Ligand code: F0G
């Protein structure tokens, strides 16, 4: 691609417009993580940190396109159901476009940073006494009745924008390593990103930019308490069974009915990837591991690294693989989880000598 435009819109040839409602988004870091790479035991490990987008998650890539479409269509009210990040992104991009925004959130299950964003960007926040999947049912009802323009990942224009994650990974990985990654490991909730990456790679193959065997293996990670995609992969099903009870510390992916499963399951299968479930303890441990390489991510994002570690341990991922883990959201999205996972503050007296004594006292470390 020519080096014109910025971020997502540099790839406008693959998008429905030349430009969108932009903040701007994309161009996120593809970090190295050498200690973690050696510890997990793969040839290459890069971390694509989507938490560095304007509102702190990959959702911005979809909203820059989706909200542009909404302007084009001439709607007056935007809406989404959300575990938090979609609502933060929609609120910001809706505000940028000057459109009214409505977000439906599962009461008590959205991280503090995300609600703060939606509130300050002036979205109307409807806290529903139910889970995310029920919020999405309602918002689909509202859209069907013509009351709102739906900006969840069921909206195909969102996924067009999210394809650019794949384009950036392929370009940068090739530039740095002279080859494409063997595998992309990503957290899965509604499976929109998985579907978007698969579409990206199919388009690259069709355009003759890469060959079939250069397509990275799409590897999805879910939390054990919300893993209908993993279940479908393991059982060889074309659809997911809806989980009515879901729970995980990774509230972003606390989802029991992944609406993009019909697009994403073939992506995982046909690229030779897999899906794996990880425990909340493994997610928190991975969040710490990534943070100790200087990269701050929210729990759902750390699931990708936890999944990589688990699959490597099980021998399902080989030591000679080049792997990219997608970290989808920023640490500050969920400050409570970060404080819980991290080192605790130490109360000290208001006195230099006492503080010196305290920091030299190894028992207080
Ligand atoms: N990681 C984060 C941080 C997310 O916020 C989400 C989804 C995912 C991963 C899963 O992505 O749905 O494409 O498989 N969050 C949505 C939301 C559901 O409402 O913010 P997916």
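Residue numbers (the numbering used here): 2 to 366.
The beta-carbon is built from N, C-alpha and C at its ideal position, and this holds for glycine as well.
Note that this is a predicted model, so its numbers are computed, not measured.
Problem - Nearest to residue 215 (by Cα), restricted to the options 191, 181, 246, 16 - result: Proximity to residue 215 across 191, 181, 246, 16 peaks at 181, based on C-alpha coordinates.
Exercise for the section: Measuring alpha carbon to alpha carbon, tell me which of 349, 154, 104 ends up nearest residue 127. Expected result: 104
Exercise for the section: State yes or no: is the C-beta of residue 218 nearer than 7 Å to some heavy atom of the ligand ZN? Expected result: With respect to the ligand ZN, the structure offers nothing, as its ligand set consists of the ligand F0G.
Exercise for the section: Using three-state DSSP, classify residue 302 as helix, strand or coil. Expected result: helix
Exercise for the section: List the residues that DSSP assigns as beta-bridge partners of residue 128. Expected result: 106
Handout entry: residue 209 (DSSP reduced to helix, strand or coil)
Key = coil
Exercise for the section: Express the C-alpha separation of residue 284 and residue 250 in angstroms, rounding to a whole number. Expected result: 8 Å
Handout entry: Residue-chain proximity (residue 291, chain C), Cβ-Cβ < 8 Å
Key = No chain C appears in this structure, which consists of one protein chain only.
Exercise for the section: Give the straight-line distance between the Cα atoms of residue 268 and residue 188, rounded to the nearest whole angstrom. Expected result: 14 Å
Handout entry: Three or more C-beta pairs below 8 Å linking the region 323-333 and the region 350-364
Key = no
Handout entry: C-alpha gap between residue 71 and residue 312, whole angstroms
Key = 41 Å
Practice task
Starting from residue 101, follow its DSSP beta bridges and name the residues at the other end.
Solution key: 78
Handout entry: heavy atom of the ligand F0G below 7 Å from residue 74 C-beta
Key = no
Handout entry: Range covered by the alpha helix (DSSP H) that runs through residue 284
Key = 281-292
Exercise for the section: Look at residue 211 and residue 198 and say whether their C-beta atoms are less than 8 Å apart. Expected result: no
Exercise for the section: Would you give the residue range spanned by the beta strand (DSSP E) that residue 221 belongs to? Expected result: 218-224
Practice task
Compute the beta-carbon to beta-carbon distance between residue 21 and residue 331, rounded to the nearest angstrom, for a pair I have assumed lies under 8 Å.
Solution key: Not confirmed; about 22 Å, so no contact.
Exercise for the section: Would you kindly check if the distance between the Cβ of residue 317 and the Cβ of residue 275 is under 8 Å? Expected result: yes
Exercise for the section: Report whether the distance from the Cβ of residue 318 to the nearest heavy atom of the ligand F0G is below 7 Å. Expected result: no
Exercise for the section: Within 10 angstroms of the Cβ of residue 352, are there 16 or more other Cβ atoms? Answer buried if so, exposed if not. Expected result: exposed
Handout entry: residue 38, enclosing beta strand (DSSP E) - first and last residue
Key = Taken as a continuous stretch (DSSP letters only), residue 38 belongs to no beta strand (DSSP E), being part of the alpha helix (DSSP H) at 35-41.
Exercise for the section: Could you tell me if residue 389 is buried or exposed, where buried requires 16 or more neighbouring beta carbons within 10 angstroms of its beta carbon? Expected result: Since the displayed the chain opens at 2 and closes at 366, residue 389 lies outside it and no answer follows.
Exercise for the section: Within 10 angstroms of the Cβ of residue 74, are there 16 or more other Cβ atoms? Answer buried if so, exposed if not. Expected result: exposed
Practice task
For residue 135, I'd like the list of residues in its chain whose CB is within less than 7 Å of its CB, leaving aside the five on either flank, ordered along the chain.
Solution key: 129
Handout entry: Between the CA atoms of residue 344 and residue 205 - distance to the nearest angstrom
Key = 44 Å
Practice task
List the endpoints of the continuous beta strand (DSSP E) containing residue 345.
Solution key: Residue 345: not part of any beta strand (DSSP E); DSSP gives it neither H nor E.
Problem - Residues that DSSP places opposite residue 48 in a beta bridge - result: 32, 326
Problem - 8 Å contact criterion, which residue 158 and residue 95 should meet: CB distance rounded - result: Wrong, their Cβ atoms sit about 15 Å apart, outside the cutoff.
Exercise for the section: Look at the Cβ atom of residue 112, then the Cβ atom of residue 307, and state whether they are nearer than 8 Å. Expected result: no
Practice task
Put residue 331 into one of helix, strand or coil per three-state DSSP.
Solution key: Note: residue 331 maps to strand in three-state DSSP.
Problem - Terminal residues of the alpha helix (DSSP H) in which residue 157 lies - result: Annotation: the continuous alpha helix (DSSP H) that includes residue 157 extends over 157-178.
Problem - Heavy atom of the ligand F0G within 7 Å of residue 188 beta-carbon - result: yes
Practice task
Figure out for me which residue from 218, 239, 245 has the closest Cα to the Cα of residue 227.
Solution key: 245
Practice task
Look at residue 320 and residue 43 and say whether their C-beta atoms are less than 8 Å apart.
Solution key: yes
Practice task
Verify the contact flag: residue 276, CB atom, against every heavy atom of the ligand F0G, threshold strictly below 7 Å.
Solution key: Not one heavy atom of the ligand F0G is found less than 7 Å from the C-beta of residue 276.
Exercise for the section: Check whether the Cβ of residue 299 sits closer than 7 Å to any heavy atom of the ligand F0G, and report yes or no. Expected result: yes
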